[in-house]
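>
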Amino acid sequence: TLGLGAWAYDRGDFVPAASPRLPLSTQGLHYGTAVFEGIRAYAAPNGRHLFRVHEHYARMLRACRMLRMTGMPQSVDELVDITVELIRRNAHDDRLDVYVRPLAHKLSLLPGTPLGVSLAGVSDGLSIATYGFPPNRSPRPTRCVISSWRRPARDTLPAQAKIAGGYATSALASDEARSAGFDDAILLDRAGNVAEATTANVFVVANGVLRTPPATGDLLAGITRDTVITLCQEAGMAVLERPLSPMDLRTADEVFLTSTGKGVASVTSLSGKDIADGEVGPVTIRVAELYNTAATTSDGARRRWLTHLAPE
Ligand code: PMP
732 TLGLGAWAYD RGDFVPAASP RLPLSTQGLH YGTAVFEGIR AYAAPNGRHL
782 FRVHEHYARM LRACRMLRMT GMPQSVDELV DITVELIRRN AHDDRLDVYV
832 RPLAHKLSLL PGTPLGVSLA GVSDGLSIAT YGFPPNRSPR PTRCVISSWR
882 RPARDTLPAQ AKIAGGYATS ALASDEARSA GFDDAILLDR AGNVAEATTA
932 NVFVVANGVL RTPPATGDLL AGITRDTVIT LCQEAGMAVL ERPLSPMDLR
982 TADEVFLTST GKGVASVTSL SGKDIADGEV GPVTIRVAEL YNTAATTSDG
1032 ARRRWLTHLA PE
């Protein structure tokens, strides 16, 4: 239930969200040479806050540099300003969270650039859309399956960049899981260790200790993952970054997922078998509380993570 805002940002202008048209020759469409982000503004009693928006745009700009994109706003602050203005214009219902989807794409060949797969000599564009959606603050039970698709290795596809083409793997894995009646898939790396879910990071809880695969593995080390590690350590919980095997998931006391879209979601079963008693566990509930408090409370120690949006 995502409600697209009436306005979008497209290559320098605010335009009706339904109107942008890209040429059929748009390179990003052909080769997946586009970069996107998923950023969230949380509804709170004192207004909405964008959560860690600067980190999200910094991650996007790093990925854009990798794809040699130069023809768009180049500073994080400019991108934040455009986003704040777009959310203001879209005036989503105050009770809703807002999901922000920037997409930077390789566009058309500049004069003199031969047709073919190249990053240099291609113009680029940036669009941003916003969607209102109901806040989900409690960890949603999620039935997962181990995917038959492996997470591409970091020397196959840059792992820390949200490059559009790489999401074909996530889409295949998600479709396979849903067709078989599951909610999401967990992908392994080439060595058979747990990499990540289709669009989220994986944590296990065993004997009171949290474990998640290291950021140096074949996974996008998400901003929510970092937030959860930071908050749990501050709260005195032990967090280890260690490789996880599928067996570690099956024998865990709890498994949960983290992402901007899901926040903290509980994995209650794996390939049809319950994890522990198949209920959302107490540590997962506690982690979700820590996370949601940080994302919605502007007077906390983590205030620098929040960008307050004035009420419309
Ligand atoms: N892994 C993948 C493949 C993702 O697409 C996402 C969502 N951006 C994540 C992990 C979680 O990242 P974040 O917490 O920054 O949203």
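This note's numbering numbers the first residue of the sequence shown as 732 and each following residue consecutively. Where a beta carbon is used, it is the ideal one built from N, C-alpha and C, also for glycine. No experiment lies behind these values; they were computed from the predicted model shown.
Measuring only the C-alpha atoms, how far is A926 from W880?
Distance between the alpha carbons of A926 and W880: 11 Å.
> Mind checking whether V1011 and P870 have CB atoms under 8 Å apart?
Contact: yes.
> In whole angstroms, what is the alpha-carbon distance linking I960 and S990?
Roughly 13 Å between the two C-alpha positions.
> Does the distance between the C-beta of I954 and the nearest non-hydrogen atom of the ligand PMP fall short of 7 Å?
I954 Cβ: within cutoff of the ligand PMP.
> Go ahead and pull the three-state DSSP assignment for W738.
Three-state DSSP puts W738 in a strand.
> Would you call the CB atoms of V933 and L975 closer than 8 Å?
Closer than 8 Å, so yes.
> Can you tell me where the alpha helix (DSSP H) holding T961 begins and where it ends?
Note, T961: alpha helix (DSSP H), 954-965.
> In chain order, what residues of the same chain have a beta carbon less than 7 Å from the beta carbon of M968, not counting five sequence neighbours either side?
So the qualifying residues of the chain are L941.
> At a threshold of 7 Å, does T930 count as lining the ligand PMP (C-beta to nearest heavy atom)?
The answer is yes for T930.
> Does the distance from the CB of T929 to the CB of S905 come in under 8 Å?
Going by C-beta atoms, T929 is nearer than 8 Å to S905.
> In this structure, how does DSSP classify S997 when only helix, strand and coil are distinguished?
Strand, per DSSP.
> Report the three-state DSSP secondary structure of G852 (helix, strand or coil).
Note: G852 maps to coil in three-state DSSP.
> Assign K993 to one of two classes, buried (16 or more other C-beta atoms within 10 Å of its C-beta) or exposed (fewer than that).
Looking at its Cβ environment, which holds 16 or more other Cβ atoms inside 10 Å, K993 is buried.
> Compute the minimum distance between the beta carbon of K893 and the heavy atoms of the ligand PMP, and state whether it is under 7 Å.
Yes, the beta carbon of K893 sits closer than 7 Å to at least one heavy atom of the ligand PMP.
> Write down every uninterrupted run of the alpha helix (DSSP H) in the segment 760-840 whose length is 4 residues or greater and which is fully enclosed by it, in chain order.
Listed in chain order, they are 784-797, 807-821.
> Would you decide whether V848 is buried or exposed? Buried here means 16 or more other CB atoms lie within 10 Å of its CB.
Classification of V848: exposed, given that the 10 Å Cβ count is below 16.
> Apply the 10 Å Cβ neighbour rule to M800 and answer buried if 16 or more other Cβ atoms are within range, or exposed otherwise.
Answer is buried; the Cβ neighbour count reaches 16.
> Measure the alpha-carbon distance for V853 versus P889 and round it to whole angstroms.
Each residue's Cα considered, the two are about 20 Å apart.
> Is it buried or exposed for L950, if we count other Cβ within 10 angstroms and need 16 for buried?
Buried, by the Cβ-count rule.
> My output table needs one value for G896: the three-state DSSP class, helix, strand or coil.
Helix.
> State yes or no: is the C-beta of E927 nearer than 7 Å to some heavy atom of the ligand PMP?
Within the cutoff, so yes.
> In terms of residue numbering, what span does the beta strand (DSSP E) encompassing D979 cover?
Element bounds for D979: not the beta strand (DSSP E) but the alpha helix (DSSP H), 977-981.
> What does DSSP give as the partner residue(s) for A928 in the beta ladder?
DSSP, once it has assigned bridges, lists I917 as partnering A928.
> Mapping DSSP to helix, strand and coil, what is A904?
Three-state result, A904: helix.
> With C-beta atoms as the reference, is T943 less than 8 Å away from Y1022?
Contact: no.
> If you reduce the DSSP assignment to three classes, tell me which class T1015 lands in.
It is helical.
> For S858, does the three-state DSSP call read helix, strand or coil?
Residue state, collapsed to three classes: strand.
> If you run the structure through DSSP and keep just helix, strand and coil, what is T991?
Note: T991 maps to coil in three-state DSSP.
> Report whether the distance from the Cβ of L950 to the nearest heavy atom of the ligand PMP is below 7 Å.
True, at least one ligand heavy atom lies under 7 Å from that Cβ.
> Based on the DSSP secondary-structure assignment, which residues constitute the bridge partners of R942?
In DSSP, R942 forms a bridge with V935, L971.
> Spatial neighbours of E985 within its chain, please: C-beta separation below 6 Å, excluding the five flanking residues on both sides.
Same-chain partners within the cutoff: V936, G1012, V1014, T1015.
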